[in-house]
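Participant: Protein chains in written order, with the working numbering: chain A, 829 to 993; chain B, 829 to 993.
Idealized CB from N, CA, C, for every residue including glycine.
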DNA sequence: TTTTATTTTCAATAAATATTGAAAGTTTAA
DNA sequence: TTAAACTTTCAATATTTATTGAAAATAAAA
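1) Within the continuous alpha helix (DSSP H) that includes residue 901 of chain A, where are the two ends?
2) Candidates A:976, A:966 and A:978: which alpha carbon is nearest residue 985 of chain B's?
3) Per DSSP, what are the beta-bridge partners of residue 911 of chain B in this structure?
4) Check residue 831 of chain A in the structure and name its three-state DSSP category.
5) Exposed or buried, which one is residue 834 of chain B when buried takes at least 16 other CB atoms within 10 Å?
6) In chain order, what residues of the same chain lie with their CB nearer than 6 Å to the CB of residue 912 of chain A, ignoring the 5 residues before and after it?
7) Below 8 Å on the Cβ atoms is my guess for residue 864 of chain B versus residue 956 of chain A; work out the distance and round it to an integer in Å.
8) Could you tell me how far apart the beta carbons of residue 932 of chain B and residue 849 of chain A are, in whole angstroms, since I believe they sit closer than 8 Å?
9) Can you find the residues in the same chain that come closer than 6 Å, C-beta to C-beta, to residue 922 of chain B, ignoring five residues on each side of it along the sequence?
10) At the 8 Å Cβ level, is residue 921 of chain A part of the contact set with chain B, yes or no?
11) Closer than 7 Å, Cβ to Cβ, to anything on chain A: give me those residues from the segment 851-870 of chain B, in chain order.
12) Just verifying my parser: in three-state terms, what is the DSSP assignment at residue 846 of chain B?
13) Please check the pair residue 929 of chain A and residue 971 of chain A, which I expect to be a contact at CB under 8 Å, by giving their CB distance rounded to whole angstroms.
14) Is it right to say residue 993 of chain B is buried, meaning 16 or more other beta carbons lie within 10 angstroms of its own, or is it exposed?
15) Check each candidate in B:885, B:910 and B:840 and name the one with the smallest Cα separation from residue 866 of chain B.
16) Roughly how many angstroms separate the alpha carbons of residue 806 of chain A and residue 890 of chain A, rounded to a whole number?
17) If you measure beta-carbon to beta-carbon, which residues of the segment 914-939 of chain B are closer than 9 Å to chain A?
18) Mind checking if residue 834 of chain A is an interface residue toward chain B, Cβ cutoff 8 Å exclusive?
19) Alpha carbon to alpha carbon, what distance is there between residue 859 of chain A and residue 935 of chain B?
20) Quick one: residues in its chain with C-beta nearer than 6 Å to the C-beta of residue 885 of chain B, no 5 flanking neighbours on either side, listed in chain order?
21) Could you have a look at residue 883 of chain B and say whether DSSP puts it in helix, strand or coil?
22) What residues in its chain sit with their C-beta under 6 Å from that of residue 926 of chain A, if we drop five residues either side in the sequence?
23) Measuring alpha carbon to alpha carbon, tell me which residue in B:851, B:842, B:962 and B:976 is nearest residue 918 of chain A.
24) Thinking residue 991 of chain B and residue 969 of chain A are a contact (beta carbons under 8 Å), I'd like their distance in whole angstroms, please.
25) Here's the rule I'm using: 16 or more other beta-carbon atoms within 10 Å means buried, otherwise exposed. How should residue 888 of chain B be labelled?
26) Comparing the C-beta of residue 908 of chain A with each C-beta of chain B, is any distance below 8 Å?
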């Protein structure tokens, strides 16, 4: 099983784009590979097609399952695990939003709550408390928007898009 | 010039949060420091308060200027450069959105256009072309939303927020 | 000019992250 | 049971990214 030149390029491109999104290059490549494959792939397939080690293939495939972007699939009569990507872009987008919100936004909210509660309301901390309050208001709003997006469907998104413009 | 325990904590917290946002830790710390300082700071100040080297302080302060989050300020009768953060959370948010959109979304759009134009419309590339099309549609929409946000004010944002919910 | 203060650069080094590959673990079949 | 097929783990290693600090560059003052 071998990739065409264009498929190679898609996978490589996705890897390096993923990289400046703060996502592990191999994880992005494995995801790209599974996205353009019409059937689920085994660890061996991924190793061969991406020229990576068994450990790397296994760890990143499982990370993608954990992110909810890939399903582990069983083929009757075959002992191997196969991995297949969810193909619906809206499902993917919602899933990524959910993970990133949990990992990147919620910790900010918690940190700000903690900072605020511990900080004396004196002259020395005036600027800091202003910043904390502003950030808190803002972050909570952004968090709500993403939460809403996670729970909504494509149609809701189009309606909002229209209203915004 | 020395930070209180709480100010230290704010700066440290922002550094590590910045880190899992894919932002250089020191850059996030310098930004945090300038955000809670009521006056602009010199390189020397930043070095002392954050315990970092001159090169590091200088490079990250300038990176923040390049991101449009910090201004270089001159004090009459003083030869040193001072750095002061923009304090308005909406200005900050719009500026970050702008930079990240340019660096993270626009390259995706270009890459997809290029991939699409080069890829033969045959059986072998059927799945890939479907994914490219879906991603293109989606990415263009997201890009527009962010562009709109960059150009809008706080009130627009509140109105949209209401309509969304 | 020359000196002094300050900023910038960048090669060397350190720190953080990702990858390998072989050993240990697990599951199914003989 | 035991063996074979496969997956998982993780210490060692490689790669990437960030930081230092001193030398070079720049700008202001003497």
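Facilitator: Answer, in terms of the structure:
1) What you label residue 901 of chain A is simply residue 73 of the first chain in a count that begins at 1. Segment 898-902 is the beta strand (DSSP E) holding residue 901 of chain A; no alpha helix (DSSP H) there.
2) For this step, residue 985 of chain B is matched to residue 157 along the second chain. Comparing Cα-Cα distances from residue 985 of chain B to each of A:976, A:966 and A:978, the minimum goes to A:966.
3) As a first step, residue 911 of chain B is located in the second chain; it is residue number 83 there, counting from the start. B:869 and B:900.
4) Walking along the first chain from the start, residue 831 of chain A turns up at place 3. Reduced to three states, the DSSP call for residue 831 of chain A is coil.
5) If you number the second chain from 1, residue 834 of chain B lands on position 6. Burial call: buried.
6) If you number the first chain from 1, residue 912 of chain A lands on position 84. Result list for residue 912 of chain A: 868, 899 and 901, in chain order.
7) Walking along the second chain from the start, residue 864 of chain B turns up at place 36. Walking along the first chain from the start, residue 956 of chain A turns up at place 128. Confirmed, Cβ separation roughly 4 Å.
8) Here residue 932 of chain B is taken as the residue at index 104 of the second chain, counted from 1. Here residue 849 of chain A is taken as the residue at index 21 of the first chain, counted from 1. So it is a contact: roughly 6 Å between Cβ atoms.
9) Numbered from 1 along the second chain, position 94 holds the residue referred to as residue 922 of chain B. 978, listed in sequence order.
10) The residue given as residue 921 of chain A occupies position 93 in the first chain. It does: the Cβ of residue 921 of chain A has a partner Cβ on chain B nearer than 8 Å.
11) 863, 864, 865 and 866
12) Position 18 of the second chain, counted from the start, is the residue given in the question as residue 846 of chain B. Of the three classes helix, strand and coil, the one that applies to residue 846 of chain B here is helix, per DSSP.
13) Your numbering for residue 929 of chain A matches position 101 in the first chain. Your numbering for residue 971 of chain A matches position 143 in the first chain. About 7 Å; that satisfies the 8 Å criterion.
14) As a working mapping, residue 993 of chain B is identified with position 165 in the second chain. Classification for residue 993 of chain B: exposed.
15) The sequence position of residue 866 of chain B within the second chain is 38, counting from 1. Answer by Cα proximity: B:910.
16) Only positions 829 to 993 of chain A appear in the structure, and residue 806 of chain A is not among them; the question remains open.
17) 915, 916, 917, 918, 920, 921, 931, 932, 935, 936 and 939
18) On the first chain, position 6 is the one that residue 834 of chain A refers to. Output row for residue 834 of chain A: interface = yes.
19) Within the second chain, residue 935 of chain B is the residue found at index 107, counting from 1. Within the first chain, residue 859 of chain A is the residue found at index 31, counting from 1. Spanning the two alpha carbons is a distance of roughly 18 Å.
20) One-based indexing of the second chain puts residue 885 of chain B at position 57. 871, 874 and 875, listed in sequence order.
21) Looking up residue 883 of chain B in the second chain gives position 55. Looking at residue 883 of chain B - three-state DSSP - the assignment turns out to be helix.
22) Locating residue 926 of chain A in the first chain gives position 98, counting from the first residue. Contacts found: 978.
23) Within the first chain, the letter at position 90 stands for residue 918 of chain A. The residue with the shortest Cα to Cα distance from residue 918 of chain A is B:962.
24) Against the second chain, residue 991 of chain B aligns to sequence position 163. Against the first chain, residue 969 of chain A aligns to sequence position 141. With 8 Å as the limit, residue 991 of chain B and residue 969 of chain A do not qualify as a contact, their Cβ atoms being about 14 Å apart.
25) For the purposes of this step, residue 888 of chain B is taken as the residue at position 60 of the second chain. Classification for residue 888 of chain B: buried.
26) Within the first chain, numbered from 1, the residue matching residue 908 of chain A stands at position 80. No, residue 908 of chain A lies away from the interface with chain B (no Cβ there is under 8 Å from its Cβ).
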